[in-house]
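Student: Just so you know, the protein sequences line up as chains A and B, in that order. Mapping the first sequence onto numbering that gives the first Met the number 0, position 650 (from 1) lands on 649, and the numbers just tick up by one. Mapping the second sequence onto numbering that gives the first Met the number 0, position 189 (from 1) lands on 188, and the numbers just tick up by one. In this text, a Cβ means the ideal position worked out from N, Cα and C, and glycines have one as well.
2 protein chains.
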Amino acid sequence: MDDASQGPPNPVSKRPRTEPARSSGRPTRDQGAAGSAGPDATVTADAQLPKLDESSLRALAEVGRRWGPPEAAPDPRRASLPLDPQLRYRYDSRHERGAFVQVHHPLASGQDELEATQAGGEDTRLGRVGHHVRRLVIGPPLRSSAVAAQRMGKLLALPVLSPDALSSVAYGPEAMMAILVAAGSAELKLSLPIGAVLVALMVSVGMGYRQVIRAYPNGGGSYIVASDSLGPRWGLLAGAGLIVDYILTVAVSVAAGVAAITSAIPAASPWAVPIGLVVIVLLVLANLRGVGAAGAAFALPTYMFIVAIALITVVGLVDAGSHGFAAVPPATHGASEALGLLLILRAFASGATAMTGIEVISNAVPVFKPPEADNARRTLTVMLGLLVTMFIGVLVVAHLDGASPGSETVLSQIAHRSVGGGLLYGYVQLSTTLILLIAANSAANGFPRLLYFMARDDFIPHAFLHMGDRLAFSVGIVVLAVPAAFLYAIFGGQTEPLIPLYAIGVFVAFTLAQSAMVAHWRQHHASGWRRGLLINLLGAILSGAVVLIALVTKFTSGAWIVVLLIPMIIVACLSVHRHYQLAQAALYPAVEDAALPSTDAGARTYEGQDAPAEITHLAVVPVAALDRSALRALAYAASLNIPTLAVHVSPSDQEADRFHRYWQDWGDHLPLEVLVSPYRTTLAPLANYIEALHLQRPELTLTVVVPQVVVRHSWQRTLHSRTGQRLRRALNHQPGIVITSIPFHLPN
Amino acid sequence: MDDASQGPPNPVSKRPRTEPARSSGRPTRDQGAAGSAGPDATVTADAQLPKLDESSLRALAEVGRRWGPPEAAPDPRRASLPLDPQLRYRYDSRHERGAFVQVHHPLASGQDELEATQAGGEDTRLGRVGHHVRRLVIGPPLRSSAVAAQRMGKLLALPVLSPDALSSVAYGPEAMMAILVAAGSAELKLSLPIGAVLVALMVSVGMGYRQVIRAYPNGGGSYIVASDSLGPRWGLLAGAGLIVDYILTVAVSVAAGVAAITSAIPAASPWAVPIGLVVIVLLVLANLRGVGAAGAAFALPTYMFIVAIALITVVGLVDAGSHGFAAVPPATHGASEALGLLLILRAFASGATAMTGIEVISNAVPVFKPPEADNARRTLTVMLGLLVTMFIGVLVVAHLDGASPGSETVLSQIAHRSVGGGLLYGYVQLSTTLILLIAANSAANGFPRLLYFMARDDFIPHAFLHMGDRLAFSVGIVVLAVPAAFLYAIFGGQTEPLIPLYAIGVFVAFTLAQSAMVAHWRQHHASGWRRGLLINLLGAILSGAVVLIALVTKFTSGAWIVVLLIPMIIVACLSVHRHYQLAQAALYPAVEDAALPSTDAGARTYEGQDAPAEITHLAVVPVAALDRSALRALAYAASLNIPTLAVHVSPSDQEADRFHRYWQDWGDHLPLEVLVSPYRTTLAPLANYIEALHLQRPELTLTVVVPQVVVRHSWQRTLHSRTGQRLRRALNHQPGIVITSIPFHLPN
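1. Please classify B:P162: is it buried, with 16 or more other beta-carbons within 10 angstroms of its beta-carbon, or exposed?
2. Kindly give me the distance between the Cβ atoms of B:A502 and B:T408, rounded to whole angstroms, as I take these residues to be in contact under 8 Å.
3. Roughly how many angstroms separate the alpha carbons of B:W520 and A:Y661, rounded to a whole number?
4. Which same chain residues end up closer than 6 Å to B:A414 when comparing Cβ atoms and leaving out the 5 residues on each side of it in sequence?
5. Select from the region 621 to 635 of chain B all residues with a C-beta closer than 7 Å to any C-beta belonging to chain A, and list them in chain order.
6. If I measure Cβ to Cβ from B:L536 and keep anything under 6 Å in the same chain, skipping five residues before and after, which residues do I get?
7. Looking only at C-alpha atoms, which of A:R728, A:L699, A:A729 and A:E61 sits nearest to B:P81?
8. Using a beta-carbon distance cut-off of less than 7 Å, what residues from the region 226 to 258 of chain A approach chain B?
9. What is the rounded straight-line gap between the Cα of B:I548 and the Cα of A:L730?
10. For A:W714, does the count of other Cβ atoms within 10 angstroms reach 16, so buried, or fall short, so exposed?
11. Say whether the region 690 to 706 of chain A touches the region 689 to 703 of chain B, bearing in mind that this needs 3 or more beta-carbon pairs closer than 8 Å, one atom from each stretch.
12. Let me make sure I understand the geometry here. Which of B:H668, B:M175, B:A330 and B:Y587 has the alpha-carbon closest to that of A:P611?
13. With which residues is B:F743 paired in a DSSP beta bridge?
14. Does the separation of the CB atoms of A:V253 and A:Y487 fall below 8 Å?
15. Report the three-state DSSP secondary structure of A:K754 (helix, strand or coil).
16. What's the call for B:F749, buried or exposed, on a 16-neighbour Cβ count within 10 Å?
17. Please check if any C-beta of chain A sits within less than 8 Å of the C-beta of B:P84.
18. Identify the contact partners of B:Y579 in chain A, using a Cβ-Cβ distance below 9 Å as the criterion.
19. With C-beta atoms as the reference, is A:L386 less than 8 Å away from A:G315?
20. Along chain B, which residues have their Cβ under 7 Å away from the Cβ of A:W66?
21. Counting only beta-carbon separations shorter than 8 Å, does A:A508 have a partner in chain B?
22. Using a Cβ-Cβ distance cut-off of 8 Å, determine whether A:F490 contacts chain B.
23. Buried or exposed: B:G601, going by 16 or more other Cβ atoms within 10 Å of its Cβ?
24. Hey, out of A:G230, A:H712, A:A584 and A:I274, whose CA is closest to A:I260's CA?
25. DSSP three-state label for A:E698, please.
26. Since A:E371 is in the alpha helix (DSSP H), which residue starts that stretch and which ends it?
27. Give the secondary structure of A:S649 by DSSP, where H, G and I count as helix, E and B as strand, and everything else as coil.
28. Compute the Euclidean distance between the alpha carbons of B:A225 and B:Y635, then round it to the nearest angstrom.
29. Among residues of its own chain, excluding the 5 on either side of B:G531, which ones have a beta-carbon nearer than 6 Å to its beta-carbon?
30. Quick one: which chain A residues come within Cβ less than 9 Å of B:P460?
31. Restricting to Cα atoms, I'd like to know which of B:H659, B:E495 and B:R232 is closest to B:L748.
32. Is A:T355 helix, strand or coil by DSSP?
33. Just reading off the alpha helix (DSSP H) that A:A156 is part of, what are its end residues?
34. At which residues does the beta strand (DSSP E) containing B:V622 begin and terminate?
35. Of all the beta strand (DSSP E) runs that stay within the bounds of the region 228 to 303 of chain B, which reach a length of 3 or more residues?
36. When you compare the CB of A:R455 with every CB in chain B, is at least one pair closer than 8 Å?
Here is the structure:
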C-alpha cells in the first residue's frame with residue numbers, strides 16, 4: 000500500500016454558524032426572508048446546498064452519535080486510505096486532462112490551487128469529440144467570479160437592458176393600427192388618442208418599476224416581488240405569466256425581425272418561417288456561449304435603432320411641416336367591422352404590447368455598477384423617456400405619412416417616405432432587425448434566471464439551479480426556444496396572430512408586481528412610502544385593466560391559449576413543489592425520528608439505517624456462466640467479507656447439474672442456489688427469487704453483485720445481456736436492495 | 000440473525016464429465032460436430048450455458064485454487080448466511096406473486112417443487128398492469144417440456160408443415176403468367192411447357208430434401224446442412240438467404256392473401272395495404288402466444304385449400320372435356336415486349352416461387368412422432384405429390400379457361416368459371432386466403448428457430464438463444480414482421496413486384512443445401528450414397544441455375560435489393576461472430592493466464608483479480624448534501640469496513656466551509672475532500688477527481704457509492720439528479736471502477 004502520510008484534511012473545530020435560526024422545521028434555501036431590503040435576487044452559489052436549521056442540525060448530530068464513539072480512538076478507516084486523496088502530485092502531471100477541480104482545504108489560508116484549464120468529465124472517445132465540438136461552438140468555460148466582473152455602467156447597461164422594451168416600438172404601434180384598420184382606413188386616426196392613453200400607461204407602469212428598484216435594491220422581478228409581498232401563490236401566478244411572456248417575446252421578436260427583413264426584401268417573404276427558425280437556432284447557440292460576450296456587442300444595435308427611429312421621425316416631421324402638417328390619407332381599406340368600443344379596446348390591448356420589456360431593468364439591478372439602485376433608477380428613467388418619445392414619434396409620423404399596416408411593416412413604410420429606398424433605408428431596416436433579435440436574446444437570458452429563482456422556491460426542477468458552461472443555463476434556453484419556435488411556426492411566422500397571446504402574460508406579471516408593491520408599502524413605511532403606494536396603486540389598476548380588456552376582447556383570437564397555459568404551468572409547478580416538500584421532509588427527518596433507537600432488533604426495518612453498525616449485509620451474485628466476469632463479481636462480493644450467495648438460473652435439471660459440476664471444479668467457494676426455470680426466462684425468476692429472499696428479512700441490506708460485460712462500441716451492447724440494468728429496474732421499488740454491476744472490460 | 004440451519008445445498012463429489020474433449024482451446028456451444036447423424040437441430044436447453052473444455056476447466060480450477068485453502072476449516076462465509084436461501088417456507092405463503100422459480104437441489108431425488116403459477120419479475124404497478132395485459136393478449140406461459148408433448152403424427156404434420164409450399168400454388172403460376180402476358184396474351188400457352196420444367200425442378204429438389212432427412216434424422220435446415228458439410232461461411236450464406244426468404248414469405252403471402260380477398264370483394268381493393276398491415280400485426284400477436292395452440296387449428300385450412308383446388312380443377316377439367324378440351328382464348332392483351340429467351344427465363348424464375356416452402360419438413364423432423372425420419376420422408380413425398388398435382392391442375396385449367404393475370408387473381412378467375420359466384424366460390428377464396436396467412440405464419444415460426452441456430456454459432460446476438468414466454472421467440476418475430484411489413488407497404492401491397500426479390504434467397508438456400516448434401520455423401524458412404532449423391536447433385540445444379548437465371552433476368556426489377564441485402568446481413572453476422580470469439584477468449588482465459596501469480600504486488604493491475612484476496616478496496620462516496628440519502632450511502636460504505644472517502648463538490652470556498660461545518664456537526668466520521676468547482680458544474684469535476692484517484696493506484700477496486708433518491712412516479716425523476724447514472728456513463732471506460740447506487744425511497 001502507498002503511504003497515506005498526507006492524511007485526512009485537518010478538521011476544524013466547531014465554529015458558530017452564522018445562519019439565522021429559522022422557524023420552519025425544515026432546511027430551506029435562502030428565499031423570501033421578509034425585510035425592507037427584500038429577498039436577494041442575485042444568483043447565489045449557496046442555492047445548491049440547502050441551509051440546515053437548528054432542528055435539522057440536531058438531527059444530524061443525533062445520527063452522527065449513532066455511528067459510535069465520537070472522539071475515542073482514531074477510526075481505523077480514517078488513517079488507512081490507500082492513496083492520497085488530495086492528489087497534489089499526480090494532478091499536476093496530468094494537467095492536460097484535468098478539469099474544474101481544486102481541492103478545498105477547510106478554512107486554511109495557503110490554498111494549493113490545483114486548478115486546471117481543460118474540461119473533462121466525459122472521457123470516452125465520443126465524449127471527448129463531443130467536448131471539443133461543444134468548446135468550438137459555445138466557447139471556453141467561465142468562472143463564477145466572472146459574473147461580478149461584468150458589472151455595467153449606465154451607458155452600457157442602457158443598451159444591453161433596453162432592447163426588449165425599445166424594440167416593442169417596431170410592432171406595438173403596428174399591432175394597434177392593424178386592429179383599427181378593420182374599421183376602415185379612415186379610423187386609423189384613432190391611433191393618436193389611443194396612443195396617448197398608452198403613453199400614460201407606460202409612464203405609470205415605468206414609475207411603478209422605479210419604486211420596485213427602490214424597494215428591492217438587490218433586484219426583484221415580478222416573480223420575486225409578488226412572492227415576497229403577496230405570498231408564493233401570487234408569485235407563482237406571476238411566474239407562470241412571465242414564462243408565457245418570455246416564450247412569446249422570442250416568438251414575436253423573431254417574427255417582427257423577419258418582417259423587417261421581408262419588408263426590405265419582398266422576395267424573401269416565402270422563406271419567412273425557415274428564416275425565423277434558423278434565427279432561433281442561432282439564438283440558442285449564441286446563448287450557450289453565455290451572456291459574457293454579448294454585453295458590448297449588443298450595445299451598438301440599440302443605439303443604432305434609437306438613431307434610426309430619431310432619423311425617420313425627425314425627417315418625417317420636417318417633411319410634414321413643409322406641407323403644413325397635413326396628414327396624407329392612408330391607402331383606402333374597406334371596413335370589415337363597425338367601429339365600436341370593443342374594437343377600440345382591442346386596438347388598445349394590442350398597442351399595449353409596446354410596453355413589454357419595461358420591467359427588465361428592475362430585475363437586473365445587481366449588474367449595475369455601485370450604487371446599483373440609483374444607477375438602475377436613472378437608467379430606467381432614461382429608457383422610459385426614450386420609449387415614450389419613440390412610440391409617440393412613430394405614431395405621429397405614421398399618421399402624417401398615411402401609413403397603414405399591410406405586407407410591408409409600418410416602420411418600413413415611414414422609412415421609405417422619409418429616407419427613400421437607399422442606404423439610409425437599409426440602415427433603418429437593419430437596425431430594426433438587429434434590435435428585435437437582441438430583444439429575443441434578452442428573453443433567452445432572462446428566462447433561465449426566472450427558472451433559477453423558481454427552482455430556488457422548489458417550483459421548478461432543481462436541475463435549473465445548476466449553471467451550465469459559461470454560466471448560461473443551457474437547459475433553460477432550450478426549454479424556452481422549443482415552444483417559441485413551435486408557436487412561431489404554427490402561426491406562420493406572422494407577428495399579428497401572436498399579439499393577442501402576448502399581452503396577457505406580460506400584464507398579469509405587471510399587475511402582480513404593482514399590487515405587490517402596494518402591499519409592500521403598506522407593510523414598510525419607508526420614506527416616501529405614500530407616494531410610492533399611490534404610484535404603484537395606479538400602475539396596478541391600469542395594468543389590471545389591460546389584463547381584463549385583453550382577456551375580454553382577445554379571448555377568441557388566441558388569448559384562450561394563454562388562459563389555458565398559465566393554469567397548466569401553475570398546476571405543474573405546484574406538483575413539483577409538493578414533491579420537493581415531501582422529499583425534504585423525508586430527507587431531513589425531525590430530531591425525534593433521527594434519535595429513534597433503530598438498533599431495537601425486534602422492530603428493525605431497512606428504513607432509518609443511517610449508521611454502519613445498524614446495517615446487516617447479504618450479497619447475492621447472479622452467475623450466468625463461470626466466466627471471468629462472473630468470477631470477478633464473486634471475488635468482489637467475497638472480498639467484502641459479507642455473507643455471499645451465488646444464484647444460477649437453469650432451464651432444466653440436467654443443465655442445473657452441469658452447472659453444479661463446474662461449480663465444484665472451480666472449488667465450491669461460496670454457497671450456491673440453482674433455480675430451475677422451465678419457462679426459459681432468466682430475469683423474472685431471478686428478480687422474484689431475490690425479492691423473496693428480501694421479504695424473508697426485509698431489514699437486511701441485500702446487495703446484488705451483477706457481473707457486467709462492458710464493450711467498446713455501443714452496437715456491441717446488444718450482444719450481451721444487461722442483467723444489471725434490468726434487475727435494477729425490476730427491483731427498484733424495493734427499499735434495501737442495492738444493485739452493483741462489476742464491470743468486465745472486453746478488449747475489443 | 001435467523002438460523003441458517005438449512006445450510007448450503009449438499010455439494011456433490013466430482014463426477015466424470017460426459018462432454019467429449021474438444022480440440023479448440025475455448026468453450027463452445029453444441030454445434031457442428033461432424034458425424035453421420037449430423038449436428039443436433041433441436042432447440043436445446045444447453046445452448047444457454049457454454050460447455051467448458053478440459054483447458055477451460057483447468058483454468059477455472061486454477062482460479063479457484065487462488066481463493067485460498069480449499070478444504071480447510073469451513074469458510075465463515077458459508078455458514079453465516081443470514082437467511083434461508085431455499086425459501087421453503089416463505090415462498091409458499093406468497094404463492095400469489097411467485098414466478099417461474101424452483102430451487103434445484105443438485106442430483107437429489109426428492110425435489111421440493113416450489114413451482115408457482117404466475118409470472119412476475121417486473122413488480123412495479125405499471126409492470127403488473129403490463130403483465131396482465133400481456134397475459135391477456137399472449138396467453139399463459141408454457142413449460143419447456145411442452146415442446147416434446149407437441150409431437151405430431153403424419154396426418155397432423157402434413158397440414159401443419161405444408162401451407163408454405165402448397166400456398167405457393169396461389170401465386171406461383173400467376174407470377175409466371177404475369178411475365179408471359181407481356182409478350183401478348185397469345186403467349187400465355189407457354190405456361191404449360193415452362194410449368195413442365197418447373198415440375199421437374201420441384202421433383203428434383205423435393206427428392207433432394209428427402210435425402211436431407213435421411214442424412215439429418217434430427218432435422219437440418221439449409222443453414223445447418225450447409226454449415227455442417229460446406230463450412231460455416233457457406234452456412235452463413237445460406238442463413239442470410241433464408242433470413243431474406245422468411246421476410247419475403249411473410250410479405251408475399253400476405254400480399255397474395257389480401258389479393259384473394261380483393262378479388263372476391265373488389266370494393267376492398269383501395270384498402271389492401273392497411274388490411275395487410277393489420278394482418279401482419281395479428282400474425283405477430285398470434286405468434287407471441289406460441290406455436291402450441293396453432294397445430295390443430297392450422298390443419299383444417301390446409302385440407303380446405305386442397306379440397307378447393309381439387310374442386311375447381313376437376314370441375315374445370317370436366318367442363319373443358321365437355322368442349323373437347325378446346326382452350327378458351329384469353330382476353331386480348333397487346334404485347335408490350337417481344338417474346339424471347341430472356342422473357343421465358345424470367346417467367347421461369349417467377350414460376351419457381353411456387354416451390355418455396357418445400358424445405359420446411361426437412362427442418363422440422365424432430366416434431367414428428369417416432370420414427371421421426373421415416374414419417375417425415377413419407378410426409379414430404381405426400382406433400383410433393385400434392386404440390387405437383389395442384390400446380391399442374393391450376394396451370395392446365397387456367398390455360399383451358401383462358402385466364403389471364405389482372406386485377407382479379409388467376410385462381411379467382413378459374414374458380415368463377417368452375418363454380419360460379421356463389422357459396423362455393425366464397426369457399427375457394429376463403430380457403431386460399433387462410434392458407435396464405437398460415438404460410439406467412441409458418442415463416443414466423445421458422446424464423447426465430449433459424450435465429451436460434453445462428454445465435455448458437457455466434458452469428459446472431461445471444462439474446463435469441465433465450466426463449467420468451469410460451470416458447471415463441473418474441474424478439475425474432477418482431478424482427479421478422481417489421482421489415483416484412485415495410486416491404487409489403489413500400490411495394491403497395493402487390494404480389495407481383497415482390498416476386499423478383501423472393502426467388503433469390505430461397506434458391507440460394509436450396510442450392511447450398513443440395514451442394515452440402517453432395518459433399519456429405521462424398522464424405523459419408525452410407526448405403527445408397529451414390530444414388531443420394533446423384534439426386535442432390537441434380538438438385539444443386541438445377542437450383543443453382545435458377546439462382547443464376549433469377550439474378551440475370553430480375554436484377555433490375557428488384558433482385559438487386561436482395562443482392563445488396565444478403566452481403567450486408569453476412570457482414571453484420573461476421574462482425575457479431577468476431578466479437579463473440581474475442582469476448583470468449585477474454586472471458587475464458589487459457590490456463591497459463593489463469594495461473595498467473597497476480598499477487599505479485601509490483602506488477603499488479605486490476606486485470607485478473609479473480610480471487611478475493613487479490614482485491615484491494617477503496618470506497619468513494621459523493622455527497623451533495625448531508626441528507627438521509629447521503630447518510631445512508633455513507634453508512635453503507637462504512638459498514639463494508641473498507642477505506643472510505645467522502646467527496647463533496649462546492650461552487651465556492653465559502654460554501655465549502657459551510658459544508659465542512661455541517662460535516663463537523665455530523666461527527667466527522669469519515670475522511671472528506673471538498674472539491675471547489677468554480678465553473679458550477681458538479682459531475683465533470685467529480686468524475687475527473689475519481690478518475691485521477693484511480694490513476695494514482697489503478698490496481699485498486701474503486702467503488703463509488705452514490706446516494707440515489709428513488710421516486711414513485713416516473714415524472715418525478717426529472718426532479719432529482721441522476722448522479723449514479725451519469726457517473727456510470729462517465730467512468731464506464733475505466734476498468735476497476737464500480738458504481739453502486741444506494742437507493743433512498745421517497746414515500747410520495
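Tutor: The structure says:
1. The count along the second sequence starts at 1 and reaches residue 162 of chain B at position 163. When all chains shown are included, B:P162 counts as buried.
2. Reading the second sequence from its first residue, position 503 is the one you call residue 502 of chain B. Reading the second sequence from its first residue, position 409 is the one you call residue 408 of chain B. Rounded, the Cβ-Cβ distance is 19 Å, inconsistent with contact.
3. Taking the second sequence and counting its residues from 1, one reaches residue 520 of chain B at position 521. Taking the first sequence and counting its residues from 1, one reaches residue 661 of chain A at position 662. Using only the alpha carbons, I get a separation of about 38 Å.
4. By one-based count along the second sequence, residue 414 of chain B stands at place 415. Here the set comprises I311, Y424 and V427.
5. A624, L625, D626, R627, S628, L630, R631, A634 and Y635
6. By one-based count along the second sequence, residue 536 of chain B stands at place 537. If we look at B:L536 and ignore the five residues flanking it on each side, its Cβ neighbours are V517.
7. As a working note, residue 81 of chain B is residue 82 in the second sequence. For the residues A:R728, A:L699, A:A729 and A:E61, the minimum Cα distance to B:P81 belongs to A:L699.
8. none
9. In the second sequence, residue 548 of chain B corresponds to position 549, counting from 1. In the first sequence, residue 730 of chain A corresponds to position 731, counting from 1. Roughly 58 Å separates the two Cα atoms.
10. One-based indexing of the first sequence puts residue 714 of chain A at position 715. Counting Cβ neighbours within 10 Å, A:W714 comes out exposed, since fewer than 16 surround it.
11. no
12. For this step, residue 611 of chain A is matched to residue 612 along the first sequence. Nearest C-alpha to A:P611: B:H668.
13. Residue numbering aside, residue 743 of chain B sits at position 744 when the second sequence is read from its first letter. Paired residue(s): B:V708.
14. Counting from one through the first sequence, the residue named residue 253 of chain A turns up at place 254. Counting from one through the first sequence, the residue named residue 487 of chain A turns up at place 488. Yes, the pair counts as a contact, with Cβ atoms nearer than the cut-off.
15. Here chain A comprises residues numbered 0 to 747, so residue 754 of chain A is not present and cannot be evaluated.
16. The structure shown does not extend to residue 749 of chain B, since chain B spans only 0 to 747, so no value can be given for it.
17. Within the second sequence, residue 84 of chain B is the residue found at index 85, counting from 1. Yes, contact with chain A.
18. Residue 579 of chain B sits at position 580 when you count from the first residue of the second sequence. Result: L718.
19. The sequence position of residue 386 of chain A within the first sequence is 387, counting from 1. The sequence position of residue 315 of chain A within the first sequence is 316, counting from 1. No.
20. Locating residue 66 of chain A in the first sequence gives position 67, counting from the first residue. The contacting residues are G666 and H668.
21. The residue you call residue 508 of chain A lines up with position 509 of the first sequence. False, the Cβ-Cβ gap to chain B never drops below 8 Å.
22. Here residue 490 of chain A refers to the residue found at position 491 when the first sequence is read from its first residue. So, not an interface residue.
23. Working through the second sequence from its first residue, we reach residue 601 of chain B at position 602. At B:G601 the pLDDT is 37, less than 50, meaning the model places this residue with poor confidence; the figure from the coordinates comes in the next sentence. It is exposed - the Cβ of B:G601 has fewer than 16 other Cβ atoms within 10 Å.
24. On the first sequence, residue 260 of chain A is found 261 positions in, with the first residue counted as 1. Among A:G230, A:H712, A:A584 and A:I274, the Cα nearest to that of A:I260 is on A:I274.
25. In the first sequence, counting from the first residue as 1, residue 698 of chain A sits at position 699. Reduced to three states, the DSSP call for A:E698 is coil.
26. Within the first sequence, residue 371 of chain A is the residue found at index 372, counting from 1. Start and end: E371 to D400.
27. As a working mapping, residue 649 of chain A is identified with position 650 in the first sequence. DSSP places A:S649 in strand when its eight states are reduced to three.
28. Numbered from 1 along the second sequence, position 226 holds the residue referred to as residue 225 of chain B. Numbered from 1 along the second sequence, position 636 holds the residue referred to as residue 635 of chain B. When rounded, the distance between both Cα atoms is 56 Å.
29. The count along the second sequence starts at 1 and reaches residue 531 of chain B at position 532. Within the same chain, B:G531 has close Cβ partners Q210 and W520.
30. In the second sequence, the residue the question calls residue 460 of chain B occupies position 461. In chain order: T717, L718 and H719.
31. What is shown of chain B runs 0 to 747, which leaves residue 748 of chain B out entirely.
32. Counting from one through the first sequence, the residue named residue 355 of chain A turns up at place 356. Reduced to three states, the DSSP call for A:T355 is coil.
33. The count along the first sequence starts at 1 and reaches residue 156 of chain A at position 157. Segment K153 to L160, the alpha helix (DSSP H) holding A:A156.
34. Counting from 1 along the second sequence, the entry for residue 622 of chain B is found at position 623. That residue, B:V622, is in no beta strand (DSSP E); it is neither H nor E in DSSP.
35. none
36. Sequence index remark: in the first sequence, residue 455 of chain A carries index 456 (1-based). By this cut-off, A:R455 is not an interface position.
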